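Numbering (the numbering used here), first residue to last: -7 to 412.
Here a beta-carbon is modelled for each residue, glycine too, at the ideal position from N, C-alpha and C.
From a predicted model like this one, the values you see are computed outputs, not experimental measurements.
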Ligand code: ATP
Ligand code: MG
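Okay, structure coming up:
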């Protein structure tokens, strides 16, 4: 992508009402546009990050036999009434509206009930199970607080997966497979070390649910961890009973601030019973399906990555989700020959499938470098008169600031024939 063609521009200041670091940086760098509190548009650079996060999640969900689909944003009232969750006193984040033709609709804040209802069309016998489905969906939630930038949106992208099994044994196997898949996702996003499978409050059928909590000062949660024993407990379930059960003492735990990046739930047979989703077992008896649900906050994760890795100069993306791996910066300053040379490098990289952003704009070097730091691509390659004369390119790693001077061949070795 040539930066001269990118319609977004960097800016010195974020909107005065934007208090969170992730949104301030993302707005200044032109990744997102703030439409209103808790509602953000994803611009071309931002969309590439979202898509890369989604692709990592997609690959890991497919690997455990998840099948991707997409449910609807508009939802029927009757479905939610079956489980008692249409009521605003029970679910306080509903957005609702009325159809001109008459009747109320809800805007999907979750898809647990609609998906269970829909599955009645596809599940009738034990032979139909298990089924695992997932989607990437824009969830709409009327959140009271929206001060964490894209980490708590009123409109945000979630990956939600649902499992339908004949009984507890199969459910548990899949539940554990999902925990492993989630760990791989967070590993690939570069936050594996700081993300904990955390005991949290369970709900009606299980004592605990599991949250995936990532350490960050920008998080809204508080958990208690012990790295050696690999135990993490949400403050909401930090009771003497929990400690005894997990075989740990309060003194062995350290308090940390975290953001919940994922959440997994066991519904038992309750949800299916409420909506009437049953299968016939081998004796012909009708039994409610055993269900689970598994969320990942895609756009929240993007915010978490900004919060965790940004430095005083701007954003620092992990290579796995950076919109572009390489930021090529030419300092031709009117020298058309040097410009042509830089164009050639850009085309070679692009033709070899390297995701490359090319700052071909006619602006000062200082401005280009500042923008490059703010945008946060993992590697910057500088083409200048001086380095060209030496037959070298300056390569700067954004994360470490480490500078190296590479020949064109070494450059190809590093980026194009990476595993050669
Ligand atoms: P929280 O406790 O943060 O309010 P939740 O428990 O309501 O979240 P779920 O309904 O389980 O969350 O949603 C699954 C995931 O979606 C969460 O783990 C989180 O990463 C993400 N998420 C939830 N609410 C929001 C939001 N308002 N904005 C962005 N991401 C969100
Ligand atoms: Mg939660």
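C-alpha gap between residue i and residue j, whole angstroms
i, j, result
"residue 82", "residue 359", "52 angstroms"
"residue 178", "residue 218", "19 angstroms"
"residue 176", "residue 261", "29 angstroms"
"residue 242", "residue 341", "54 angstroms"
"residue 251", "residue 367", "23 angstroms"
"residue 151", "residue 47", "11 angstroms"
"residue 322", "residue 382", "16 angstroms"
"residue 78", "residue 32", "26 angstroms"
"residue 297", "residue 205", "13 angstroms"
"residue 143", "residue 353", "33 angstroms"
"residue 65", "residue 155", "20 angstroms"
"residue 110", "residue 190", "31 angstroms"
"residue 198", "residue 30", "32 angstroms"
"residue 117", "residue 188", "37 angstroms"
"residue 333", "residue 339", "10 angstroms"
"residue 402", "residue 40", "28 angstroms"
"residue 278", "residue 115", "11 angstroms"
"residue 361", "residue 409", "27 angstroms"
"residue 4", "residue -3", "20 angstroms"
"residue 326", "residue 355", "10 angstroms"
"residue 300", "residue 74", "42 angstroms"
"residue 391", "residue 370", "7 angstroms"
"residue 131", "residue 102", "7 angstroms"
"residue 226", "residue 393", "36 angstroms"
"residue 405", "residue 139", "44 angstroms"
"residue 182", "residue 343", "28 angstroms"
heavy atom of the ligand ATP below 7 angstroms from residue i C-beta
i, result
"residue 291", "yes"
"residue 28", "no"
"residue 254", "yes"
"residue 191", "no"
"residue 148", "yes"
"residue 133", "yes"
"residue 115", "no"
"residue 48", "no"
"residue 143", "yes"
"residue 239", "no"
"residue 288", "yes"
6 angstroms Cβ shell around residue i - same chain, five flanking residues per side excluded
i, result
"residue 141", "12, 14, 15, 295"
"residue 57", "124"
"residue 412", "Legend: pLDDT at residue 412 = 47, less than 50; position of this residue unreliable, value from coordinates given subsequently. None."
"residue 112", "269"
Closest Cα partner of residue i within the set the options
i, options, result
"residue 285", "400, 163, 273", "163"
"residue 377", "174, 329, 278", "329"
"residue 315", "271, 347, 93, 87", "347"
"residue 336", "326, 350, 87", "350"
"residue 98", "105, 89, 24", "89"
"residue 345", "312, 407, 390", "407"
"residue 216", "238, 52, 28", "238"
"residue 282", "267, 73, 131", "267"
"residue 240", "258, 255, 253, 220", "220"
"residue 230", "210, 211, 192", "192"
"residue 120", "95, 50, 158, 245", "158"
"residue 387", "343, 363, 320, 357", "320"
"residue 42", "394, 292, 365, 385", "292"
heavy atom of the ligand HEM below 7 angstroms from residue i C-beta
i, result
"residue 102", "In the structure shown, the ligand HEM is absent; the only ligands present are the ligand ATP and the ligand MG."
Proximal residues to residue i (C-beta, below 7 angstroms), its chain only, five neighbours per side dropped
i, result
"residue 0", "22, 35, 36, 37"
"residue 62", "127, 129"
"residue 17", "298, 302, 306, 307"
"residue 324", "330, 331, 334"
"residue 248", "207, 215, 217"
Interface flag, residue i vs chain E, CB-CB below 8 angstroms
i, result
"residue 316", "In the structure shown, chain E cannot be found, because there is only a single protein chain."
Close Cβ partners of residue i (< 8 angstroms) along its chain, the five nearest in sequence each way excluded
i, result
"residue 44", "312, 313, 314, 315"
"residue 19", "3, 6, 7, 10, 25, 26"
"residue 171", "189, 202, 256"
"residue 365", "305, 306, 390"
"residue 399", "383, 384, 385"
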